[in-house]
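Going letter by letter, the sequence shown gives residues 92 to 326 in my numbering.
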Amino acid sequence: MPKPGRVPTMPTLPRGVEIAAFGDYAGAQRAVDHLSDKAFTVQHLTIVGEDLRMVERVTGRLTWGRVGVAGLAGGAWFGLFVGLALSLLGGVDSGGSIVAAIAMGAGFGAMFSLISYSFSRGKRDFTSSSQIVAARYVVLCAPEHAGQARRILEEGNLRSTVGPRPPTGQASVPQPGGQPTPPASSAPSAGDASAGASPDSAAVSPPRSQYLTADGRPRYGVRTDPPAPDAPEGR
Numbered sequence: 092m093p094k095p096g097r098v099p100t101m102p103t104l105p106r107g108v109e110i111a112a113f114g115d116y117a118g119a120q121r122a123v124d125h126l127s128d129k130a131f132t133v134q135h136l137t138i139v140g141e142d143l144r145m146v147e148r149v150t151g152r153l154t155w156g157r158v159g160v161a162g163l164a165g166g167a168w169f170g171l172f173v174g175l176a177l178s179l180l181g182g183v184d185s186g187g188s189i190v191a192a193i194a195m196g197a198g199f200g201a202m203f204s205l206i207s208y209s210f211s212r213g214k215r216d217f218t219s220s221s222q223i224v225a226a227r228y229v230v231l232c233a234p235e236h237a238g239q240a241r242r243i244l245e246e247g248n249l250r251s252t253v254g255p256r257p258p259t260g261q262a263s264v265p266q267p268g269g270q271p272t273p274p275a276s277s278a279p280s281a282g283d284a285s286a287g288a289s290p291d292s293a294a295v296s297p298p299r300s301q302y303l304t305a306d307g308r309p310r311y312g313v314r315t316d317p318p319a320p321d322a323p324e325g326r
């Protein structure tokens with residue numbers, strides 16, 4: 092197990108005991124801040140987000156005017172950077188070079204933005220921002236310090252705001268041969284049916300021999316039935 096406070100070099104699953112769970116990241120952050128204020132060794136804590144989802148929030152409608160203004164502003168900032176660099180290197184007429192660089196950057200930025208937007212052909216006429224959020228934020232703690240952490244959170248009235256994670260379907264257990272065990276079923280298996288059947292009802296398979304066929308007939312010659320015991324002898 093890695094030392095507290097040391098981030099593992101390889102991606103590994105977090106380890107620890109769940110001491111609290113919240114429906115948003117702010118709740119988990121408040122819990123860790125409270126433990127830090129109480130002089131708890133926060134290096135033993137880990138915040139884990141469960142049930143991750145990608146959320147894209149639409150911020151507005153995209154038009155030619157907004158595209159042009161955005162390209163104009165971006166190009167002006169780039170032109171300002173270029174103008175300052177030229178003024179520091181050249182040292183002659185620094186104000187004029189900065190203004191010229193800003194004007195050129197703004198013009199090219201607006202032009203390139205409008206050209207790029209024209210290629211989209213109205214397939215994405217809105218602006219948005221994306222982020223990854225979780226349904227539950229769990230605070231994990233090292234097992235030897237979990238009791239102390241829970242006690243501090245209870246004293247600060249920082250209890251879990253969400254319940255435990257609902258159980259998922261039981262996964263199949265892999266066997267040494269590499270084949271997973273199928274889930275249990277309520278339907279009786281063939282072995283159980285044969286075990287519950289009586290011996291008299293079981294079908295008797297014909298004896299297997301190289302002189303008999305599968306249905307019991309002889310392979311060579313003609314089968315004759317023996318005479319009855321009470322039949323009279325022929326004269």
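All C-beta atoms, glycine included, are put in the ideal place defined by N, C-alpha and C.
Inset, instruction - State the DSSP-derived secondary structure class of residue 160, mapped to helix, strand or coil. - result: DSSP places residue 160 in helix when its eight states are reduced to three.
Legend entry - Residues of its chain near residue 142, where Cβ-Cβ distance is below 7 Å and the 5 sequence neighbours each way are ignored: When the five nearest sequence neighbours on each side are left out, the beta carbons in the same chain lying within less than 7 Å of the beta carbon of residue 142 are those of 225, 226 and 227, in order along the chain.
Inset, instruction - Look at the Cβ atom of residue 188, then the Cβ atom of residue 166, and state whether they are nearer than 7 Å. - result: In terms of Cβ geometry, residue 188 and residue 166 do not form a close pair [threshold 7 Å].
Inset, instruction - Just the C-alpha distance for residue 220 and residue 161, rounded to the nearest angstrom, thanks. - result: Using only the alpha carbons, I get a separation of about 16 Å.
Inset, instruction - Report yes if the CB atom of residue 218 is closer than 7 Å to the CB atom of residue 114, and no otherwise. - result: No.
Legend entry - Three-way DSSP call (helix, strand, coil) for residue 254 in this model: Coil, per DSSP.
Legend entry - Exposure label - residue 204; buried when at least 16 CB within 10 Å: For residue 204, the number of other beta carbons within 10 angstroms of its own is at least 16, and it is reported as buried.
Legend entry - residue 229 vs residue 139 beta-carbon contact at 7 Å: Yes; because the gap between Cβ atoms is below 7 Å, this pair is in contact.
Inset, instruction - Spatial neighbours of residue 251 within its chain, please: CB distance less than 6 Å, with the 5 preceding and 5 following residues excluded, ordered by chain position. - result: Here the set comprises 111 and 112.
Inset, instruction - Thinking residue 146 and residue 136 are a contact (beta carbons under 8 Å), I'd like their distance in whole angstroms, please. - result: Contact doesn't hold; Cβ gap of about 26 Å is too wide.
Legend entry - 8 Å CB neighbourhood of residue 278 in its chain, flanking five on each side removed: Note that residue 278 has pLDDT 47, beneath the 50 cutoff, so the model's placement of it is unreliable and the number below is only indicative. By the criterion of a C-beta distance shorter than 8 Å, residue 278 is surrounded by no residue of its chain, once the five residues flanking it on both sides are discounted.
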